[in-house]
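So in our numbering, spot 114 of the sequence shown is number 120, and the numbers just go up one at a time. Note that CB positions come from ideal geometry on N, CA and C, so glycine has one too. This structure is a prediction, so every number in the text was calculated from the model and none was measured. Inspection log for the structure reproduced underneath, given as structure tokens.
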Amino acid sequence: MLEVIVEGPGAAKDAEVCGANRLEVVSAIAEGGLTPSYGVISEIVATVKIPSMIMIRPHSHSFVYDKADQAVIQKDIEMVKKIGATGIVFGALTEAGEIDTDLLDKVIEWKGELDLTFHRAIDATADIEASYQLLRNQYGASITQILTSGGADKAFQAVERLKSWIQDSKHYPSSFAILVGSGVDLTTIADLQAQLQHHTYHVGGGARIDGDFSKGIAADKVAELQSFIQ
Numbered sequence: 007m008l009e010v011i012v013e014g015p016g017a018a019k020d021a022e023v024c025g026a027n028r029l030e031v032v033s034a035i036a037e038g039g040l041t042p043s044y045g046v047i048s049e050i051v052a053t054v055k056i057p058s059m060i061m062i063r064p065h066s067h068s069f070v071y072d073k074a075d076q077a078v079i080q081k082d083i084e085m086v087k088k089i090g091a092t093g094i095v096f097g098a099l100t101e102a103g104e105i106d107t108d109l110l111d112k113v114i115e116w117k118g119e120l121d122l123t124f125h126r127a128i129d130a131t132a133d134i135e136a137s138y139q140l141l142r143n144q145y146g147a148s149i150t151q152i153l154t155s156g157g158a159d160k161a162f163q164a165v166e167r168l169k170s171w172i173q174d175s176k177h178y179p180s181s182f183a184i185l186v187g188s189g190v191d192l193t194t195i196a197d198l199q200a201q202l203q204h205h206t207y208h209v210g211g212g213a214r215i216d217g218d219f220s221k222g223i224a225a226d227k228v229a230e231l232q233s234f235i236q
């Protein structure tokens with residue numbers, strides 16, 4: 007399963023045609039990805055058949071959200087539900103660098119039947135193993151997948167942790183899957199696969215011409231990435 011980041015309906019359609027299995031829809035990729043607009047989400051849902059996961063992130067300052075931010079988050083989730091996307095991508099931390107369980111509880115209630123990816127906020131926690139265990143033990147049935155690099159800047163730098171988490175997920179088939187992301191491209195996928203033997207990856211620049219979001223989806227890269235993971 008190859009999930010590709012897109013910012014608009016054109017890239018979404020190109021990713022689908024080129025063989026992506028799922029989309030992560032964002033705006034402002036240069037800021038790490040923020041909530042996309044109503045127009046972008048509705049056009050993608052109307053024109054693309056593969057699943058679309060919508061980023062819910064009101065700002066790029068941090069993963070800490072105050073009451074005003076939370077009001078925006080709730081309304082954006084309602085928007086996603088009304089449009090009919092597959093799910094949402096979300097993560098939140100406290101000032102102490104722990105998972106914000108109070109807000110996560112609210113988001114799980116607000117999302118209803120939408121799928122939920124808990125994103126790389128987990129990689130920014132003060133104690134990543136404790137955060138992982140909290141999510142696995144308390145939210146395993148409510149989260150669809152965790153997007154993670156294993157706590158490193160790039161996934162290939164945290165192979166042992168990722169390997170452990172992937173094996174762990176096999177023991178909990180009703181719990182969340184591990185979606186490996188950050189630094190996944192044609193220069194790293196062979197080694198990642200040799201060590202992880204995994205089938206669920208998340209790519210951004212790795213699926214682009216020259217690794218550049220402004221230059222569009224590279225069909226040959228998507229096809230070659232898929233050849234490693236299918």
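Against chain C, does residue i count as a neighbour if the rule is that its beta carbon must be under 8 Å from one of theirs?
| i | result |
| --- | --- |
| T123 | Although the question refers to chain C, the structure presented lacks it and comprises just one protein chain. |
Does the beta-carbon distance from residue i to residue j come in below 8 Å?
| i | j | result |
| --- | --- | --- |
| R28 | E9 | yes |
| P42 | I60 | yes |
| A98 | A132 | no |
| F96 | H125 | yes |
| G222 | A77 | no |
| G210 | I11 | yes |
| I83 | V113 | yes |
| H208 | E30 | yes |
| I94 | K117 | yes |
| T92 | S137 | no |
Across which residues does DSSP place residue i in a beta bridge pair?
| i | result |
| --- | --- |
| A183 | Q151 |
| R28 | E9 |
| G93 | M59 and D121 |
| S33 | L40 |
| L99 | I105 |
Determine the closest residue to residue i out of the options, with distance taken between C-alpha atoms.
| i | options | result |
| --- | --- | --- |
| G25 | G97, A213, I62 and I114 | A213 |
| V54 | G90, I215 and S188 | G90 |
| T206 | A102, A161 and I223 | A161 |
| I235 | I195, S220 and E49 | I195 |
| T154 | S68, E37, I184 and P179 | I184 |
| E37 | A21, H67 and K73 | H67 |
| E104 | E115, Q139 and W116 | Q139 |
| Y145 | L110, P15 and V165 | L110 |
| G156 | Y44, K117, F182 and V186 | V186 |
Under DSSP, the beta strand (DSSP E) around residue i begins and ends at which residues?
| i | result |
| --- | --- |
| Y207 | Y207 to V209 |
| L8 | L8 to V12 |
Please report the distance separating the alpha-carbon of residue i from that of residue j.
| i | j | result |
| --- | --- | --- |
| T150 | R142 | 11 Å |
| L198 | A158 | 14 Å |
| L192 | G39 | 22 Å |
| D75 | S148 | 22 Å |
| D121 | M85 | 14 Å |
| D218 | S33 | 15 Å |
| H88 | I62 | Here residue 88 is Lys; the residue named in the question, His, does not match the sequence. Distance between the alpha carbons of K88 and I62: 15 Å. |
| Q203 | K176 | 12 Å |
| S188 | I128 | 13 Å |
| T171 | I152 | The question names Thr, but residue 171 in the sequence shown is Trp. C-alpha separation (whole angstroms): 10 Å. |
| P179 | Q173 | 11 Å |
| A200 | A130 | 26 Å |
| Q80 | D106 | 15 Å |
| K169 | S233 | 20 Å |
| D216 | K227 | 10 Å |
| V70 | T100 | 6 Å |
| T123 | I35 | 17 Å |
| E135 | D108 | 19 Å |
| M7 | A225 | 16 Å |
What are the start and end residues of the alpha helix (DSSP H) that includes residue i?
| i | result |
| --- | --- |
| K6 | Look at the range of the chain in this structure, 7 to 236, and you will see that residue 6 is not part of it. |
| Y71 | Y71 -> no alpha helix (DSSP H), and no H or E assigned at all. |
| D174 | V165 to K176 |
| E104 | Neither: E104 is in no alpha helix (DSSP H) and is coded neither H nor E. |
| D197 | I195 to L202 |
| I128 | Counting along the chain, I128 falls outside any alpha helix (DSSP H), and DSSP gives it neither H nor E. |
| Q144 | I134 to Y145 |
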